[in-house]
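First up is the structure itself, then whatever we jot down about it.
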Amino acid sequence: MSAFSDKAQTATAAMRTLFDPTPLQRNDHLSKRFDANIWLKREDLSPVRSYKIRGALNAMRKVVDHQDVFVCASAGNHAQGVAFVCRHFGVKGVIFMPVTTPQQKVNKTRIFGGDNIEIRLIGDYFDDTLASAQSYCTEVGAHFLAPFDDPDVIEGQASIAVEILKQLGGAPDMVVLPVGGGGLASGVRLYLSERAAETALRYIEPAGAPSLTAAIAAGKPVTLDKVDSFVDGAAVARIGQENFKALRDIPAEHVLLAPEDRICTTMVEMLNVEGIVLEPAGALAVDALPTLSDQIKGKTVVCITSGGNFDFERLPEVKERAQRHLGLKKYLILRLPQRPGALKDFLSILGPDDNIARFEYMKKSARNFGSVLIGIETTDTRNFDSLFAKMDESGFTYSDITNDETIAEFVV
Numbered sequence: 125m126s127a128f129s130d131k132a133q134t135a136t137a138a139m140r141t142l143f144d145p146t147p148l149q150r151n152d153h154l155s156k157r158f159d160a161n162i163w164l165k166r167e168d169l170s171p172v173r174s175y176k177i178r179g180a181l182n183a184m185r186k187v188v189d190h191q192d193v194f195v196c197a198s199a200g201n202h203a204q205g206v207a208f209v210c211r212h213f214g215v216k217g218v219i220f221m222p223v224t225t226p227q228q229k230v231n232k233t234r235i236f237g238g239d240n241i242e243i244r245l246i247g248d249y250f251d252d253t254l255a256s257a258q259s260y261c262t263e264v265g266a267h268f269l270a271p272f273d274d275p276d277v278i279e280g281q282a283s284i285a286v287e288i289l290k291q292l293g294g295a296p297d298m299v300v301l302p303v304g305g306g307g308l309a310s311g312v313r314l315y316l317s318e319r320a321a322e323t324a325l326r327y328i329e330p331a332g333a334p335s336l337t338a339a340i341a342a343g344k345p346v347t348l349d350k351v352d353s354f355v356d357g358a359a360v361a362r363i364g365q366e367n368f369k370a371l372r373d374i375p376a377e378h379v380l381l382a383p384e385d386r387i388c389t390t391m392v393e394m395l396n397v398e399g400i401v402l403e404p405a406g407a408l409a410v411d412a413l414p415t416l417s418d419q420i421k422g423k424t425v426v427c428i429t430s431g432g433n434f435d436f437e438r439l440p441e442v443k444e445r446a447q448r449h450l451g452l453k454k455y456l457i458l459r460l461p462q463r464p465g466a467l468k469d470f471l472s473i474l475g476p477d478d479n480i481a482r483f484e485y486m487k488k489s490a491r492n493f494g495s496v497l498i499g500i501e502t503t504d505t506r507n508f509d510s511l512f513a514k515m516d517e518s519g520f521t522y523s524d525i526t527n528d529e530t531i532a533e534f535v536v
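For the sequence shown, our numbering begins at 125 and goes up steadily by one.
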């Protein structure tokens with residue numbers, strides 16, 4: 125049997141029938157900020173704006189000569205990659221998506237696949253969608269294309285590492301990569317272990333979906349009780365079995381968790397400073413750089429920006445979460461006396477850079493006090509210290525609910 129790296133190179137050659145290598149770009153902004161040589165492997169610039177096309181192509185090309193119906197279950201990048209490759213090979217694809225999938229993603233999948241695909245919207249939750257897809261495969265004898273837990277998919281994702289070494293002209297000191305189900309991470313690790321063993325690897329997963337962290341701690345894949353779906357491209361409850369075989373001996377300290385709100389600050393920074401549109405999962409590797417700053421100084425580092433399928437309808441939420449993480453926006457429940465002039469008294473203590481972004485007040489005639497939900501934005505976190513001091517001095521009663529997830533979920 126040939127070495128994994130040979131298979132990955134064969135897979136990479138197959139990619140060239142469909143698309144050119146994605147760019148490897150040195151980023152001056154990040155390089156200066158971290159005193160390192162930072163390169164971005166721009167998977168957000170693939171034909172489907174994510175790396176998922178790679179695994180889909182490699183898995184499909186191996187069986188396309190004797191299989192003409194392919195099935196997948198996905199609400200995002202995997203669906204788009206499968207659709208694109210189905211059209212390339214001229215085969216039928218049946219793509220199962222949850223009923224709750226945003227119309228924008230359904231439309232993009234349909235555009236990529238054209239007449240070669242059929243989209244079936246089934247189930248409110250992904251588990252229901254997946255069960256329907258697998259049942260259909262059994263019923264009609266179709267080939268199921270797994271998003272990550274498949275050796276052929278892992279080989280395909282490893283083509284990223286093949287391209288990195290060729291484009292860079294050698295091995296980087298470190299590669300920083302996102303982790304969801306583990307397809308990308310396992311493929312890159314297996315290839316580099318054979319062709320550039322000196323390269324260090326760091327794995328970044330969302331704090332709300334630490335499937336690799338949990339698996340390493342348990343010594344086997346485990347299903348998380350709860351998953352935060354915000355980083356939808358990497359919010360996986362259980363890392364793949366095949367993927368964990370390649371990742372099981374990673375030192376626990378090499379797996380870093382990225383808080384969802386902090387990821388938003390990275391997305392906003394990359395958009396505002398560099399004009400680069402990244403989805404939450406696509407920003408994971410860049411988001412980890414401040415945590416790695418002591419380890420990367422003076423070194424050549426490649427961050428894999430895994431996807432740019434970002435729905436701009438989510439931008440207000442991303443900006444909101446970024447402000448909250450940076451301490452520039454807070455939500456308060458203010459107990460306001462029900463008397464003329466009470467609101468004016470409160471407004472008078474706001475600073476020149478304090479801005480009311482939300483205000484909801486219900487006057488209750490039978491009570492002496494009313495509750496106000498108030499959102500305040502400012503330009504410097506120290507402004508809140510001054511504001512709270514003035515509120516305390518003036519005798520206002522208030523609660524900061526900014527980081528109270530239970531309350532904020534209902535009122536913010």
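Beta carbons are placed, not taken as given, at the ideal position from N, Cα and C, and that holds for glycine. Just so you know, these numbers come straight off a predicted model, no measurement behind them.
In chain order, what residues of the same chain lie with their CB nearer than 7 Å to the CB of residue i, ignoring the 5 residues before and after it?
i: L104; result: Coverage of the chain is limited to positions 125 through 536, which leaves residue 104 absent and any answer about it impossible.
i: N492; result: P461, Q462
i: H153; result: V397, E398
i: Q227; result: none
i: L371; result: G306, A309, S310, R313, L336
i: D478; result: I500, T502, N507, L511
i: A270; result: V277
i: I374; result: Y327, I340
i: I243; result: I219, M221, V230, T233, R234
i: E529; result: none
Please list, in chain order, all residues of the same chain as residue i whose beta carbon is under 6 Å from its beta carbon, the five residues on each side excluded.
i: V379; result: Y327, L336, T337
i: S353; result: A359
i: I241; result: A207, C210, G217, I219
i: A324; result: M298
i: G81; result: Given a span of 125 to 536 for the chain in the structure shown, any question on residue 81 remains unanswerable.
i: V426; result: W163, K165, I288, P296, V299
i: I498; result: L456, L458, F483
i: G343; result: none
Rounding to the nearest angstrom, what Cα-Cα distance links residue i and residue j in this structure?
i: L169; j: I457; result: 44 Å
i: I387; j: F470; result: 34 Å
i: V496; j: E484; result: 6 Å
i: T521; j: Q447; result: 24 Å
i: V277; j: D251; result: 21 Å
i: G307; j: T224; result: 25 Å
i: T503; j: L416; result: 27 Å
i: D273; j: D297; result: 28 Å
i: L413; j: F158; result: 8 Å
i: E393; j: E441; result: 15 Å
i: K156; j: L245; result: 46 Å
i: P330; j: A382; result: 5 Å
i: E517; j: A295; result: 60 Å
i: A321; j: A341; result: 24 Å
i: D192; j: D239; result: 14 Å
i: I525; j: Y455; result: 6 Å
i: N231; j: A203; result: 11 Å
i: D130; j: K423; result: 28 Å
i: Q419; j: G280; result: 29 Å
i: K443; j: I284; result: 31 Å
i: K350; j: P302; result: 19 Å
i: G332; j: V401; result: 22 Å
i: M125; j: P275; result: Per-residue confidence for M125 stands at a pLDDT of 45, beneath the threshold of 50, marking its modelled position as unreliable; the derived number appears in the next sentence. Those two C-alpha atoms are separated by around 14 Å.
i: R90; j: H190; result: The structure shown has nothing for residue 90, since the chain only spans 125 to 536.
i: G519; j: L348; result: 45 Å
i: V215; j: E318; result: 35 Å
Assuming residue i and residue j are in contact, meaning their beta carbons sit under 8 Å apart, how far apart are those beta carbons, in whole angstroms?
i: V286; j: Y249; result: V286 to Y249, Cβ: 36 Å. No contact.
i: G311; j: A282; result: 3 Å
i: M515; j: I473; result: 7 Å
i: T389; j: H449; result: 6 Å
Between residue i and the ligand FMN, is the CB less than 7 Å from at least one heavy atom?
i: D252; result: As presented, the structure is devoid of all ligands, the ligand FMN included, so that no description of it is given.
For residue i, which residues of its own chain have a beta-carbon under 8 Å away from its beta-carbon, when the five flanking residues on both sides are left out?
i: D356; result: A199, G200, E403, P404, A405
i: P345; result: S335, A339, R362, I363, G364, Q365, F368
i: T253; result: A197, A199, F220, M221, P222, I246, G247
i: Q149; result: W163, L164, R166
i: G475; result: T502, N507, S510, L511
i: E384; result: P330, A331, G332, D352, F354, V355, P404, R445
i: K453; result: E444, Q447, A481, G499, I500, E501, T502, T526
> Could you give the uninterrupted runs of the beta strand (DSSP E) lying entirely in the stretch 272 to 325, keeping only those of 3 residues or more?
Replying inline: 298 to 302
> In chain order, which continuous runs of the alpha helix (DSSP H) of length 4 or greater are located wholly inside the stretch 390 to 458?
Replying inline: 408 to 411, 417 to 420, 439 to 450
> If we count Cβ pairs, one from each stretch, closer than 8 Å, do we get three or more for the stretch 396 to 409 versus the stretch 161 to 172?
Replying inline: yes
> Can you give, in chain order, each stretch of the beta strand (DSSP E) that sits fully within the stretch 171 to 226 and has at least 3 residues?
Replying inline: 193 to 197, 216 to 221
> If you scan the stretch 234 to 259 from start to end, which runs of the alpha helix (DSSP H) of 4 or more residues do you find wholly inside it?
Replying inline: none
> In the stretch 475 to 536, which residue ranges form an unbroken alpha helix (DSSP H) of at least 4 residues, counting only runs that do not cross its ends?
Replying inline: 506 to 517, 529 to 535
>> So, does the stretch 420 to 435 touch the stretch 170 to 177, judging by three or more C-beta pairs under 8 Å?
In response: yes
> For the stretch 131 to 139 against the stretch 178 to 195, are there 3 or more C-beta pairs whose distance is under 8 Å?
Replying inline: yes
> Would you call the stretch 138 to 152 and the stretch 222 to 237 in contact, with 3 or more CB pairs under 8 Å?
Replying inline: no
>> Does the structure place the stretch 255 to 270 close enough to the stretch 287 to 298 that three or more beta carbon pairs sit under 8 Å?
In response: no
> Enumerated in chain order, which unbroken segments of the alpha helix (DSSP H) with a length of 4 residues or greater are wholly contained in the stretch 125 to 156?
Replying inline: 128 to 139
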